[in-house]
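Residue numbers (this note's numbering), protein chains in the order written: chain B, 4 to 350; chain X, 4 to 350.
Backbone N, C-alpha and C define an ideal beta-carbon position, used for all residues, glycine too.
Bear in mind that the values here come from a model prediction, so they are computed numbers and not experimental data.
What follows is a set of notes on a single structure, which appears directly below.
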DNA sequence: CTGAAAGCGCTTACAG
DNA sequence: CTGAAAGCGCTTACAG
């Protein structure tokens with residue numbers, strides 16, 4: 004049961020002024036004499052008054068909140084280090100802007116669309132972050148109808164009427180492939196992320212392009228979905244290939260870590276027999292043995308920039324696309340020179 | 004720039020009734036004839052009207068939101084699988100209850116207190132989740148002053164005026180120690196979580212109690228803080244002990260995974276030379292080699308139950324403590340029998 | 001069963 | 001510089 008809190012009327016009475024004046028004083032607007040302003044602020048302090056958000060929302064037609072809807076298996080979110088840093092980045096801006104973050108975690112598409120609709124149609128948020136962009140993203144049509152300011156986190160695969168804050172993740176994959184090729188690897192494989200997601204697909208395209216550029220066979224690709232389980236299964240499939248790849252580029256860290264487990268369990272030494280790389284720079288990867296090579300994208304900065312863009316969009320009605328520094332490759336112990344050719348298993 | 008949306012007045016006009024009646028009809032209250040109700044609902048549907056939250060909040064004095072403030076290094080949150088599942092559990096209840104989750108991620112205590120104060124004093128939330136309970140938790144005094152419904156997620160170390168939803172994590176540690184002892188281990192070590200946190204301390208107490216009960220030396224304890232980095236450092240310290248422990252009970256999975264890396268890098272085989280166990284059941288642990296033994300606490304169910312309790316508290320002014328099923332130990336490949344005694348390294 | 005009115009706690013022209 | 005009033009979009013007694 005909420006305790007009655009002081010309202011603007013209490014402050015006005017205490018300071019001996021009208022409530023309109025209290026409002027002016029507290030929002031630093033002109034038209035209040037310094038002396039009166041001081042008295043009002045003192046009363047507000049004394050009464051521990053804070054303007055009610057709901058009341059401000061109603062008169063200002065602003066929600067003072069931004070929304071993030073996550074449709075992913077909690078297991079995948081849990082394994083992924085992206086979101087905690089991304090969210091921390093968002094919040095680094097919101098606190099100062101007097102805004103809050105509304106987070107929705109949903110299970111399926113129906114719940115997802117319901118969540119977006121509620122947030123927007125009930126005016127709970129001033130804008131929405133769109134993450135985990137999908138290849139034919141059905142949220143685009145929905146959000147266009149809802150007419151709510153939106154920022155795209157990532158490069159959309161089709162035109163969309165909102166600003167995008169992007170990081171070129173292809174650069175990280177390209178760097179990984181080049182590094183492996185420079186170490187003599189030729190049979191380099193890729194374990195993809197969810198192919199329905201733009202960043203799953205774009206990392207795969209980057210892999211194929213980098214391999215092709217180097218004149219290498221780009222067809223050693225196993226489809227997975229970013230989950231550790233799928234990374235393990237894909238790795239097992241790769242181990243059955245003949246000839247076996249000598250290096251694997253995984254589309255994220257959890258799959259690479261699971262892959263490392265499968266390789267080690269199968270008696271395949273990393274990096275002596277097979278080199279591996281991940282993506283997204285989870286903290287734990289640095290502490291594995293061997294330490295996992297990975298690609299970092301600074302999700303904290305990404306979140307902060309996306310929030311900045313969304314606030315701009317809400318305040319000014321427009322905001323520019325932002326291209327953040329490309330992902331960069333961090334080599335660690337999990338990659339090494341190509342194993343010296345031994346007797347092929349067949350032929 | 005928000006597009007003008009239909010208001011209750013538009014619906015009333017369209018249906019040819021007063022707006023009061025629209026409100027009654029849409030909230031399923033008595034006093035509206037079936038025929039009129041039907042007409043009103045049809046108009047609302049047609050106009051795609053949704054009641055404005057801010058307006059409802061103001062007249063109902065309800066925020067329709069619950070708040071969660073996280074003060075942790077994003078790296079630690081990212082490595083920890085607890086929060087994504089916990090949050091997903093919360094949301095599983097909120098969606099149906101028409102509530103949203105307000106999430107704040109903050110860096111230090113000042114920002115944390117400011118966040119709680121804003122959420123409560125500005126009436127942004129109807130209640131707060133208190134997680135990561137600390138040993139002398141200074142939030143208790145703050146929240147008492149703020150007089151906002153609160154639910155404790157975990158057992159507080161000192162009396163507090165709010166219901167607590169608890170999971171006995173001691174049971175998991177006890178089970179791990181017993182299992183290791185049954186496998187012949189005597190020199191069992193513990194790498195603690197953050198000792199300022201209740202669950203860091205209680206796991207340590209559980210370790211000491213379980214060892215003492217078994218008549219084993221409970222002093223092989225290294226203080227860490229739940230981060231992978233601290234788990235790695237603690238493991239290195241344990242490796243320098245003489246005699247070396249043959250088993251290590253870590254207070255969470257990220258530290259155990261980092262410890263596994265350190266052990267492997269040092270040529271110590273797991274579980275042949277040293278057995279290890281984690282806590283919290285991250286997905287990736289199951290895919291390591293050897294697979295990480297761990298303790299699960301069902302954070303999804305925990306979140307759902309905490310949300311249920313908080314809603315009850317808000318609606319009825321009171322709610323009972325809830326004790327969820329205790330944590331359970333999941334043995335996997337990372338534990339094995341005590342190594343057969345060889346020549347001690349010294350003496 | 002239905003309508004007109006007051007109120008939730010703010011902000012903001014509009015007068016003085 | 002200050003006050004009185006209207007309005008944001010709902011809900012809810014109070015009359016009829």
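> What residue does the alpha helix (DSSP H) around residue 134(B) start on, and which one ends it?
Replying inline: Residue 134(B) -> no alpha helix (DSSP H), and no H or E assigned at all.
>> So, at 8 Å on beta carbons, what are the nonlocal neighbours of residue 67(B) in its own chain, with the 5 sequence-adjacent residues on each side left out?
In response: 56, 59, 60, 101, 102, 103, 129
>> Can you find the residues in the same chain that come closer than 7 Å, C-beta to C-beta, to residue 4(X), ignoring five residues on each side of it along the sequence?
In response: Reliability fails at residue 4(X), whose pLDDT of 41 lies under 50, so the model's placement of it is uncertain and no value is given.
>> Beta-carbon within less than 8 Å of residue 199(B)'s beta-carbon, same chain only, minus the 5 sequence neighbours each way: which residues are those?
In response: 137, 138
> Relative to the ligand FAD, is the shortest distance from any of its heavy atoms to the C-beta of residue 25(X) smaller than 6 Å?
Replying inline: By its list of ligands, the structure shown contains no ligand whatsoever, and the ligand FAD lies outside what it can speak to.
> CA-CA distance, residue 350(X) and residue 247(X)?
Replying inline: The predicted model places residue 350(X) with a pLDDT of 40, which falls under 50 and marks its position as unreliable; any figure quoted below should be read in that light. Cα-Cα distance, rounded: 13 Å.
> Which bits of chain X does residue 286(B) rub up against, with CB to CB less than 9 Å?
Replying inline: 78, 79, 81, 82, 230, 231, 232, 257, 261
> Using the C-alpha atoms, what's the distance from residue 118(B) back to residue 112(B)?
Replying inline: 10 Å
> How would you write the range of the beta strand (DSSP E) that residue 297(X) sits in, first residue to last?
Replying inline: 297-299
>> Please report whether the beta-carbon of residue 342(X) lies at a distance below 7 Å from any beta-carbon of chain B.
In response: no
> Below 7 Å between beta carbons: does that hold for residue 18(B) and residue 42(B)?
Replying inline: yes
> When you compare each of 82(B), 133(B), 158(B) to residue 329(B) by their alpha carbons, which one comes out closest?
Replying inline: 158(B)
> Of the choices 13(B), 15(B), 338(B), whose alpha-carbon is the least far from that of residue 356(B)?
Replying inline: What the structure shows of chain B is the stretch from 4 to 350, and residue 356(B) is not part of that stretch, so it cannot be assessed.
>> So, with DSSP's three-state summary, where would you put residue 318(B)?
In response: helix
> Grouping DSSP H, G and I as helix and E and B as strand, with all else coil, what is residue 105(B)?
Replying inline: strand
> In or out: residue 320(X) buried (at least 16 other Cβ within 10 Å) or exposed?
Replying inline: exposed
> Which bits of chain X does residue 53(B) rub up against, with CB to CB less than 7 Å?
Replying inline: 124, 125
>> So, with DSSP's three-state summary, where would you put residue 191(X)?
In response: strand
> How many Å lie between residue 327(X) and residue 313(X) at the Cα?
Replying inline: 15 Å
> residue 267(X) versus chain B: which residues are under 7 Å apart at the beta carbon?
Replying inline: 292
>> With three or more beta-carbon pairs closer than 8 Å as the criterion, would you say the stretch 79-93 of chain X touches the stretch 77-84 of chain B?
In response: yes
>> Are the CB atoms of residue 132(B) and residue 309(B) within a distance shorter than 7 Å?
In response: yes
> The alpha helix (DSSP H) with residue 333(B) in it runs from where to where?
Replying inline: From DSSP, residue 333(B) is part of no alpha helix (DSSP H) but of the beta strand (DSSP E) over 331-333.
>> Would residue 333(X) pass as an interface residue toward chain B - the criterion being a Cβ-Cβ separation below 7 Å?
In response: no
>> Does the stretch 141-154 of chain B come into contact with the stretch 287-301 of chain B, if we say contact requires no fewer than three beta-carbon pairs (one atom in each stretch) closer than 8 Å?
In response: no
> Interface residues of chain X around residue 1(B) at Cβ under 9 Å?
Replying inline: This structure cannot speak to residue 1(B), because chain B is shown only from 4 to 350.
> Mind checking residue 255(B): buried by the 16 CB within 10 Å criterion, or exposed?
Replying inline: buried
>> So residue 60(B) contacts chain X; which residues on that side make the cut at Cβ distance below 7 Å?
In response: 57
> According to DSSP, which residues form a beta bridge with residue 226(X)?
Replying inline: DSSP lists no partner for residue 226(X).
>> Let me confirm a value: residue 277(X) is counted as buried when at least 16 other C-beta atoms fall within 10 Å, else exposed. Which label applies?
In response: buried
> Can the beta-carbon of residue 202(B) be found closer than 7 Å to that of residue 250(B)?
Replying inline: no
> Is it buried or exposed for residue 238(B), if we count other Cβ within 10 angstroms and need 16 for buried?
Replying inline: buried
>> Measuring CB atoms only, is the stretch 210-222 of chain X touching the stretch 255-269 of chain X, in the sense that at least three cross pairs come out at less than 8 Å?
In response: no
> Given residue 323(X), which residues of its chain have a CB within under 7 Å of its CB, disregarding the five upstream and five downstream residues?
Replying inline: 166
> Should residue 35(B) and residue 27(B) be called a contact, given that it needs their Cβ atoms to be closer than 7 Å?
Replying inline: yes
> residue 253(B) touches chain X at which residues, Cβ-Cβ below 8 Å?
Replying inline: In chain order: nothing, as chain X lies at least about 12 Å away.
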